[in-house]
Amino acid sequence: MDPIAIKHNNEIVDIQTAKALGIEGEPILLDNSAEALEVLRHSTAHLMAQAIKSLYPEAKFFVGPVVKEGFYYDFKVDAEIGEGDLKRIEKEMLNLAKKKVAIEKYEITMDEAKEKFAADHLKLTVMERIPSKTVSIYKQGDFEDLCRGPHLPNTKFIRFFKLTKLAGAYLGGDSKNEMLTRIYGIAFADKESLVLHLEQIAEAEKRDHRKIGNEMKLFTFREEVGGGLPIWLPAGARMRSRLEGLLFKAHRKRGYEPVRGPEILKSSLWATSGHYQNYGENMYFTTIDEQEYGVKPMNCVGHIKVYEDDLHSYRDLPLKYFEYGVVHRHELSGALHGLFRVREFTQDDAHIFCTAEQIEGQIIEVVDFVDKIMSTFEFDYKMMLSTKPEKAVGDDKVWEISTAALKSAMDKNNLAYEIDEGGGAFYGPKIDIKITDAIGREWQCGTIQLDFNLPERFELEYTGEGNDKIQPVMIHRAILGSFERFIGILTEHYAGEFPMFIAPTQVAIVPIAESHNAYAKELADKLIDLGADFEIFSKNESLNKRIRTAEKGRVPMIIVLGDDEVANRTVAIRDRRTREQSSMNETDFLNFIQTKINEVHF
RNA sequence: GCUCAUAUGGCUCAGGGGUAGAGCACUUCCUUGGUAAGGAAGAGGCCCCGGGUUCAAAUCCCGGUAUGAGCUCCA
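Below you can see the structure in the form of structure tokens.
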């Protein structure tokens with residue numbers, strides 16, 4: 000196999016450039032390595048541009064980079080391009096690739112380039128952004144494009160690709176500029192990888208929590224209620240309350256105290272906390288009796304008021320307050336997305352007030368808490384440490400100390416993390432927990448934020464050993480993040496087939512005939528006593544229909560009751576996934592359910 | 001927030017300047033069935049909201065609301 004490029008000084012250099020400059024290096028072969036895909040996808044973007052140019056001769060092109068999920072090209076044509084045109088463009092791309100045209104590179108001066116592309120105002124805009132005196136041109140057949148490369152040596156390497164999305168995009172991402180057409184695509188070195196990728200996209204669509212949530216009647220949204228304001232239906236609320244219950248116990252076990260702050264607080268308080276200045280554009284305000292109030296976007300201020308209710312000794316610390324805090328944040332309307340991005344949500348929020356010496360131990364404890372929960376739900380996760388953002392309160396020195404404290408807690412305990420520069424909260428640095436779901440997608444849930452600023456702003460203190468007044472440190476933390484987003488993620492993670500301990504309905508009871516209803520009711524009562532939710536399928540429908548309905552409802556366990564079961568006090572169990580049947584006596588069954596429901600402790 | 005698209009019964013969707021359609025779900029009746037759709041009859045819609053054009057608007061136009069995709073990745 001011929002190399003498609005080389006790696007020189009840790010940079011990808013294409014064959015054309017290497018030859019011109021006489022550079023040698025480690026060969027990059029056409030496989031699915033990051034380097035090979037970068038070159039392949041970049042050239043596929045160009046091939047797409049060539050195809051577009053041949054179908055729409057008036058086309059003008061802006062930029063066509065490689066991105067995380069493939070590549071795109073921004074361009075402008077006179078005609079309307081719809082989803083249906085993607086197939087046409089793909090076909091033309093295949094035709095062009097089949098001609099096995101060499102991709103050549105040459106350099107010209109910026110002035111020459113400006114003349115060459117004089118008719119293309121988009122390319123001219125691109126050139127305005129390039130500081131160098133010369134630019135490179137890549138040529139394949141009669142198609143030429145301004146590009147820095149690297150590119151494949153020949154179009155024949157491009158075989159396995161797919162144009163995936165069509166969208167509008169502003170020139171340069173700025174909404175003041177003109178709107179261009181953007182086509183996204185993906186390319187791989189072999190057919191299997193492409194097929195696998197497309198299957199993954201289809202799988203993600205099947206798991207969409209908006210679709211499953213609707214089918215399972217977990218939650219809904221209503222136009223007349225407002226955007227981003229979820230309505231929890233009985234099934235969803237049952238599941239949510241199971242999660243809340245398990246997590247409540249877990250907090251109590253770890254020494255957290257439940258507290259509760261008000262939904263609206265005076266604006267002056269938000270000014271003290273800094274939210275008014277730094278987060279105000281995301282907040283809802285209301286004025287009553289000439290007094291302005293802000294609807295809380297976070298729970299910290301309420302918890303600070305809990306702390307302030309009493310004097311504290313160093314002996315009391317750490318104090319851990321937690322609340323399932325309902326918060327409102329005005330997200331951009333275009334950013335709303337199912338349960339993932341809403342304007343009202345409930346955080347599993349807690350604030351730990353501790354001494355500086357206790358920071359490390361507390362961080363470790365929270366990380367351990369996170370690990371327990373995420374592993375229970377079979378999530379892999381990684382941690383990101385985010386540093387000071389542009390909009391921030393507090394001295395640089397305080398930021399340095401708190402960032403260092405987080406790093407040291409992680410380092411000392413050999414916890415791996417990545418750094419996100421400038422990604423912190425406005426009051427302090429943070430560690431975000433990113434989980435990976437069943438089909439490999441990443442989600443941000445929990446967060447641990449260190450805060451020296453709010454204690455300072457509210458002049459919090461505790462009495463030290465020497466009877467002196469010392470400022471405590473606050474740790475903000477959430478583990479699920481919010482019930483809304485977490486349940487959305489769980490829905491996609493499990494494709495709606497929730498494990499027994501969290502499922503909205505644990506057991507579907509299907510009595511075969513009316514004469515078996517009494518036994519069904521008797522079992523149902525016993526299930527309630529165990530804390531299991533059930534549903535009896537005794538409607539006037541065929542047995543097959545009722546079993547099908549129960550299956551489609553994604554209930555983890557279906558039991559069928561007929562003459563045999565009533566006579567012997569047994570249940571016929573049908574497994575949701577394997578569709579296999581087995582029999583169990585009543586006592587064993589109830590014990591089994593009890594074990595299944597209680598097998599999880601966070 | 002911006003651009004484009006979409007909005008028809010509880011759900012999924014077809015239709016379309018002049019009586020509103022299907023499947024599922026729902027109700028009633030028949031059927032009493034042993035592991036993925038038994039049969040029949042019936043009820044249910046201000047066609048998102050507000051304006052405009054028209055003899056006539058669910059349909060065309062404008063505005064609003066909601067939903068979807070994209071808007072950060074720089075030749």
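Per numbering that gives the first Met the number 0, residue 0 is the first one in the first sequence, and the count goes up by one each step.
Yeah, the Cβ is synthetic: ideal placement off N, Cα and C, and Gly gets one too.
All figures in this text were calculated on a predicted structure; none of them were measured in a lab.
Taking the beta strand (DSSP E) that residue i belongs to, which residues open and close that run?
i    : result
M382 : 379-385
Q276 : No beta strand (DSSP E) contains Q276, which is instead part of the alpha helix (DSSP H) from 274-277.
F187 : 178-187
M556 : 556-560
E417 : 416-419
Let me make sure I understand the geometry here. Which of the options has the alpha-carbon closest to that of residue i?
i    : options                : result
G212 : A502, L54, R568        : A502
V66  : E25, L121, I182        : I182
I432 : K381, K396, Y320       : K381
V258 : K138, D347, E127       : D347
M92  : A33, A78, H120, T154   : T154
P152 : D395, I14, V392        : I14
H327 : Y320, N281, G333, L335 : N281
L589 : L28, V570, K319, Y493  : V570
F142 : G167, E111, Y55, R158  : Y55
T180 : H329, K544, V76, K248  : V76
G393 : E455, L85, Q470, E420  : E455
Can the beta-carbon of residue i be found less than 8 Å from the beta-carbon of residue j?
i    : j    : result
V38  : I80  : no
M473 : F352 : yes
Q448 : A424 : yes
G427 : F457 : no
C444 : I434 : yes
Y292 : S266 : yes
I363 : F601 : no
D48  : D144 : Looking at the sequence itself, residue 48 is Ala, so the reference to Asp does not match. Cβ atoms of A48 and D144: closer than 8 Å.
T504 : R476 : no
R440 : A201 : no
G495 : L338 : no
T462 : S332 : no
I185 : K161 : yes
L560 : H492 : no
How is residue i classed by DSSP in three states: helix, strand or coil?
i    : result
A566 : helix
D348 : strand
V294 : strand
P257 : strand
T577 : coil
Q443 : strand
G167 : strand
H336 : strand
R476 : strand
H196 : helix
V100 : coil
T504 : coil
Y313 : helix
L30  : The residue you asked about is not Leu; residue 30 is Asp in the sequence shown. D30: coil per DSSP, three-state reduction.
E10  : strand
V369 : helix
F533 : strand
A270 : helix
F482 : helix
F156 : helix
Which first and last residues belong to the alpha helix (DSSP H) in which residue i is found?
i    : result
K525 : 516-529
F376 : F376 -> no alpha helix (DSSP H), and no H or E assigned at all.
F247 : 233-252
C299 : 299-307
S407 : 395-411
V125 : 120-127
V38  : 33-54
P454 : 452-456
H610 : There is simply no residue 610 to check, as the chain begins at 0 and stops at 601 in what is shown.
A112 : 109-115
T548 : 542-551
E585 : 585-597
Count the other CB atoms, across all protein chains shown, that sit within 10 Å of the CB of residue i; report buried if there are 16 or more and exposed otherwise.
i    : result
Y105 : exposed
V366 : buried
Q361 : buried
V300 : buried
G244 : exposed
T43  : buried
V12  : buried
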